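Asker: One structure, pasted below without further comment.
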Amino acid sequence: MWRNKVKEYEEDIINDLKGLLSIESVRDDAASTYDAPVGPGPKEALNYMYQLGERDGFSYVDIENIVGRIEAGKGDELLGILCHVDVVPAGAGWDTDPFEPVETENTIIARGTLDDKGPTIAAYYAVKILEDMKVDWKKRIHIIVGTDEESDWKCTDRYFETEEMPSVGFAPDAEFPLIHGEKGIVTFNILQSGYVEDNDEPEVELKAFFSGERFNMVPDTAQAKLLIKEQMTNVVQKFESFLNEHEIEGETSIDEGFLTLIVHGKSAHGMDPTLGINAGLLLIQFLNELNLDKYASSYVKFANDYLVDSPKGEKMGMKFATEEMGEVTTNTGIMSYTDVDGGQFGVNLRYPEGFNFDQSLTRFSEEVTEKGFEIEMDKHQLPHYVDKNDPFIEKLLSAYREQTGDQSEPFTIGGGTYARNLDKGVAFGAMFKESEDLMHQKNEYITKKQLFNATAIYLEAIYNVCVKGEE
């Protein structure tokens with residue numbers, strides 16, 4: 014029944030999704046204003062969702078141009094559907110323009126198709142279809158649309174300062190069948206705090222080094238600018254051998270006596286950095302082989318001692334795991350160094366329930382201080398957990414199982430979704446087991462089958478929760 018109902022809307026779903034995908038809704042602090050707190054792109058995408066709601070007869074409420082909601086249903090209790098329309102930067106290496114969606118026979122290709130514009134449109138259409146069916150709502154629905162999920166969550170932080178907390182809710186921003194627990198997420202900077210006097214004559218001076226744009230992305234490119242006193246050819250040959258040894262791509266260039274080295278890796282979501290190839294840490298491994306000036310050597314050696322080949326916090330002394338939520342993971346997503354300002358590492362750490370992060374950080378901070386570095390905390394989100402036997406979860410799972418025939422159990426993840434904003438919130442789709450996970454990677458796409466099947470699951474799930482009620 015539900016999948017057949019979706020068939021009537023397939024063309025509209027695709028067209029509305031392509032319109033949303035065409036908006037380059039990457040956070041842009043340099044262009045932020047009072048009317049566009051995280052930049053014009055995210056605001057445009059938020060307004061686009063309001064326009065869809067208005068077109069389809071829904072009311073909407075905007076909160077300071079950074080977050081808002083589309084309202085449906087009636088009743089005392091409230092279901093929240095927490096979506097986001099901001100996206101991570103496109104990165105390099107796309108086969109098509111990431112913000113000009115390409116529709117093929119079976120897929121739609123663009124940044125945000127999986128994370129989270131495709132699932133947002135699927136959930137929106139589930140509510141729209143039920144409204145068009147004139148169902149007898151038993152609960153209200155707020156489709157809460159944020160614009161800063163990929164960075165600091167300013168949107169939902171602001172929203173829940175003043176707006177109603179849903180009784181229950183889900184975020185269509187992960188995987189099916191259902192995610193009932195999320196690791197704690199911490200972002201912090203490691204800053205080089207003291208200049209190191211260098212009275213020697215180093216063979217190589219590191220003038221600048223940069224890699225990565227986001228804490229929660231594995232960086233796919235890295236660049237270093239070197240001043241080499243002599244034997245530049247030897248350094249170039251050594252670099253080429255390093256690239257071959259590690260089976261990665263890179264290039265060199267010489268300009269006004271400076272040698273620039275570039276390494277290409279593979280981007281991935283920071284919740285599992287082992288799925289990517291961290292270009293920054295690879296280039297640091299190479300730099301560690303050179304006779305650098307002391308200031309740069311201190312920076313590079315620190316990374317080699319604590320961050321390189323340490324995706325589970327091993328070198329920081331933070332290795333920990335539980336059976337249900339898995340292991341601590343660490344992603345060094347942002348790296349920078351100049352010979353004037355020193356260096357910085359931006360770390361994204363995720364941990365299961367039971368891990369004493371504060372105690373571990375205190376010990377680590379004391380250790381790195383002795384080496385001329387200091388820790389600067391950015392953000393800390395505690396782990397989130399809902400009992401998988403909760404009746405609300407059973408209603409969502411029932412819809413998934415009815416539509417797919419799959420009896421898989423709900424699980425926990427290292428990622429962070431808007432679900433953790435809610436007292437009783439879970440992540441629910443929209444990726445399936447067979448989906449190729451290209452979130453935060455080049456050539457991100459969603460299949461039409463996935464998009465339409467997710468819409469049908471959301472249709473039945475919302476019907477179970479908001480129309481059938483407690484019947």
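So in my numbering, the last spot in the sequence shown is 484, and the numbers never skip.
The C-beta atom is built at its ideal place from N, Cα and C for all residues, glycine as well.
A quick note: this is a predicted structure, and the numbers were derived from the prediction, not measured.
Looking at Val-439 and Phe-183, is the spacing between their C-beta atoms short of 8 Å?
Answerer: Residue mapping note: residue 183 aligns to position 170 of the sequence shown, counting from 1. Residue mapping note: residue 439 aligns to position 426 of the sequence shown, counting from 1. Yes, these two residues count as a Cβ contact at 8 Å.
Asker: Give the DSSP-derived three-state secondary structure of Leu-127 in the structure shown.
Answerer: Reading the sequence shown from its first residue, position 114 is the one you call residue 127. DSSP, reduced to helix, strand and coil, places Leu-127 outside both helices and strands of the structure shown, so it counts as coil.
Asker: Are the beta-carbon atoms belonging to Leu-410 and Ile-388 less than 8 Å from one another?
Answerer: As a position in the sequence shown, residue 410 is number 397, starting the count at 1. As a position in the sequence shown, residue 388 is number 375, starting the count at 1. Result no, Cβ atoms of Leu-410 and Ile-388 do not sit closer than 8 Å.
Asker: Could you tell me the alpha carbon to alpha carbon distance between Ile-121 and Leu-464, rounded to whole angstroms?
Answerer: The residue labelled residue 121 in the question sits at position 108 within the sequence shown. The residue labelled residue 464 in the question sits at position 451 within the sequence shown. Approximately 10 Å, taken between the alpha carbons.
Asker: Would you say Ile-192 and Met-284 are within 8 Å of each other, going by their C-beta atoms?
Answerer: As a first step, residue 192 must be located in the sequence shown, where it is residue number 179. As a first step, residue 284 must be located in the sequence shown, where it is residue number 271. Contact flag unset, no.
Asker: With 16 as the cutoff for other CB atoms within 10 Å, does Tyr-138 come out buried or exposed?
Answerer: Working through the sequence shown from its first residue, we reach residue 138 at position 125. Tyr-138 is buried by the Cβ-count criterion.
Asker: Where does the unbroken alpha helix (DSSP H) through Asn-361 begin, and where does it stop?
Answerer: Walking along the sequence shown from the start, residue 361 turns up at place 348. Element bounds for Asn-361: not the alpha helix (DSSP H) but the beta strand (DSSP E), 355-364.
Asker: Please classify Pro-404: is it buried, with 16 or more other beta-carbons within 10 angstroms of its beta-carbon, or exposed?
Answerer: If you number the sequence shown from 1, residue 404 lands on position 391. So Pro-404 counts as exposed.
Asker: Report the rounded CA-to-CA distance for Lys-152 versus Ala-474, giving the unit in angstroms.
Answerer: Taking the sequence shown and counting its residues from 1, the one referred to as residue 152 is at position 139. Taking the sequence shown and counting its residues from 1, the one referred to as residue 474 is at position 461. Using only the alpha carbons, I get a separation of about 13 Å.
Asker: Need the endpoints of the beta strand (DSSP E) that Leu-95 sits in, please.
Answerer: Residue 95 sits at position 82 when you count from the first residue of the sequence shown. Taken as a continuous stretch (DSSP letters only), the beta strand (DSSP E) holding Leu-95 covers 91-97.
Asker: Measure the alpha-carbon distance for Pro-114 versus Ala-316 and round it to whole angstroms.
Answerer: Locating residue 114 in the sequence shown gives position 101, counting from the first residue. Locating residue 316 in the sequence shown gives position 303, counting from the first residue. For Pro-114 and Ala-316, the distance between alpha carbons rounds to 39 Å.
Asker: Drop a sphere of 10 angstroms on the beta-carbon of Glu-484, count the other beta-carbons inside from all chains shown, and report buried for 16 or more, exposed for fewer.
Answerer: Within the sequence shown, numbered from 1, the residue matching residue 484 stands at position 471. At Glu-484 the pLDDT is 45, less than 50, meaning the model places this residue with poor confidence; the figure from the coordinates comes in the next sentence. It counts as exposed.
Asker: Quick check on DSSP: helix, strand or coil for Asn-344?
Answerer: Indexing the sequence shown from 1 puts residue 344 at position 331. Asn-344 falls in the strand class under three-state DSSP.
Asker: Along the chain, where does the beta strand (DSSP E) that runs through Asp-371 open and close?
Answerer: Mapped onto the sequence shown, residue 371 falls at position 358. Asp-371 -> not in any beta strand (DSSP E); alpha helix (DSSP H) instead, spanning 370-382.
Asker: Flag this pair as yes or no: are the beta carbons of Met-230 and Val-101 separated by less than 8 Å?
Answerer: Here residue 230 corresponds to residue number 217 of the sequence shown, with the count starting at 1. Here residue 101 corresponds to residue number 88 of the sequence shown, with the count starting at 1. Yes, Cβ-Cβ distance for Met-230 and Val-101 is below 8 Å.
Asker: What residues match up with Glu-389 in a beta bridge as DSSP calls it?
Answerer: For the purposes of this step, residue 389 is taken as residue 376 along the sequence shown, with counting starting at 1. Bridge partners of Glu-389: Asn-202.
Asker: Which term fits Arg-433, buried or exposed, when burial requires 16 or more other beta carbons within 10 angstroms of its beta carbon?
Answerer: Here residue 433 corresponds to residue number 420 of the sequence shown, with the count starting at 1. Classification for Arg-433: buried.
Asker: Sorted by chain position, which residues of the same chain lie with C-beta nearer than 6 Å to Trp-15's C-beta, five sequence neighbours on each side aside?
Answerer: In the sequence shown, counting from the first residue as 1, residue 15 sits at position 2. These residues qualify, in order along the chain: Ala-469, Leu-472 and Glu-473.
Asker: Check whether the region 378-395 and the region 265-274 touch, using three or more Cβ-Cβ pairs below 8 Å as the test.
Answerer: no
Asker: Kindly list the residues whose CB is nearer than 6 Å to the CB of Ile-290, restricted to its own chain and excluding five residues on each side of it in sequence; keep chain order.
Answerer: In the sequence shown, the residue the question calls residue 290 occupies position 277. Gly-278 and Lys-279.
Asker: Could you please give the first and the last residue of the uninterrupted beta strand (DSSP E) stretch that includes Gln-236?
Answerer: Taking the first residue of the sequence shown as position 1, residue 236 is located at position 223. Counting along the chain, the beta strand (DSSP E) containing Gln-236 begins and ends at 234-241.
Asker: Which of helix, strand or coil does DSSP assign to Tyr-458?
Answerer: Translated into the one-based positions of the sequence shown, residue 458 becomes position 445. Of the three classes helix, strand and coil, the one that applies to Tyr-458 here is strand, per DSSP.
Asker: Determine the extent of the alpha helix (DSSP H) in which His-259 is found, giving its start and end residues.
Answerer: Taking the first residue of the sequence shown as 1, we reach residue 259 at position 246. Its alpha helix (DSSP H) spans residues 245-259.
Asker: Are the region 334-342 and the region 294-301 touching by the rule of at least three beta carbon pairs closer than 8 Å?
Answerer: no
Asker: Evaluate Asp-128 with the Cβ neighbour count: other Cβ atoms within 10 Å of its Cβ, from every protein chain shown; 16 or more gives buried, anything less gives exposed.
Answerer: For this step, residue 128 is matched to residue 115 along the sequence shown. Counting Cβ neighbours within 10 Å, Asp-128 comes out buried, since at least 16 surround it.
Asker: Alpha carbons only, please: which of Val-478, Asn-477, Ile-459 and Ser-72 is nearest the one belonging to Glu-118?
Answerer: Here the question's residue 118 lines up with position 105 in the sequence shown. The shortest C-alpha separation from Glu-118 is found at Ile-459.
Asker: State the beta-bridge partners of Gln-64 as determined by DSSP.
Answerer: On the sequence shown, position 51 is the one that residue 64 refers to. Looking at the DSSP assignment, Gln-64 forms no beta bridge with any residue, so it has no partner.
Asker: What separation, rounded to the nearest whole angstrom, lies between the Cα atoms of Leu-288 and Trp-150?
Answerer: For the purposes of this step, residue 288 is taken as residue 275 along the sequence shown, with counting starting at 1. For the purposes of this step, residue 150 is taken as residue 137 along the sequence shown, with counting starting at 1. Roughly 43 Å separates the two Cα atoms.
Asker: Alpha carbon to alpha carbon, what distance is there between Lys-408 and Asp-165?
Answerer: For this step, residue 165 is matched to residue 152 along the sequence shown. For this step, residue 408 is matched to residue 395 along the sequence shown. Between the alpha carbons of Asp-165 and Lys-408 lies a gap of roughly 31 Å.
Asker: Roughly how many angstroms lie between the CA atoms of Asp-186 and Ser-254, to the nearest whole one?
Answerer: The sequence position of residue 186 within the sequence shown is 173, counting from 1. The sequence position of residue 254 within the sequence shown is 241, counting from 1. So the alpha carbons of these two residues sit roughly 41 Å apart.
Asker: Is Val-399 closer than 8 Å to Asn-437 when the C-beta atoms are compared?
Answerer: Numbered from 1 along the sequence shown, position 424 holds the residue referred to as residue 437. Numbered from 1 along the sequence shown, position 386 holds the residue referred to as residue 399. First, the residue type needs correcting, since residue 437 is Lys and not Asn in the sequence shown. Yes. Within cutoff.
Asker: Work out the CA separation of Asp-69 and Tyr-476 for me, nearest whole Å.
Answerer: In the sequence shown, counting from the first residue as 1, residue 476 sits at position 463. In the sequence shown, counting from the first residue as 1, residue 69 sits at position 56. Distance between the alpha carbons of Tyr-476 and Asp-69 is about 19 Å.
Asker: Beta carbon of Thr-345, beta carbon of Leu-320: below 8 Å?
Answerer: The sequence position of residue 345 within the sequence shown is 332, counting from 1. The sequence position of residue 320 within the sequence shown is 307, counting from 1. Cβ distance < 8 Å, so Thr-345 and Leu-320 count as in contact.
Asker: Measure the C-alpha to C-alpha separation of Asp-233 and Glu-226 and round it to an integer number of angstroms.
Answerer: Within the sequence shown, the letter at position 220 stands for residue 233. Within the sequence shown, the letter at position 213 stands for residue 226. Straight-line Cα distance between these residues: approximately 10 Å.
Asker: With Asp-25 as the anchor, note down where its beta strand (DSSP E) starts and where it stops.
Answerer: Here residue 25 is taken as the residue at index 12 of the sequence shown, counted from 1. First-last for Asp-25: 23-34, but that is the alpha helix (DSSP H), not the beta strand (DSSP E).
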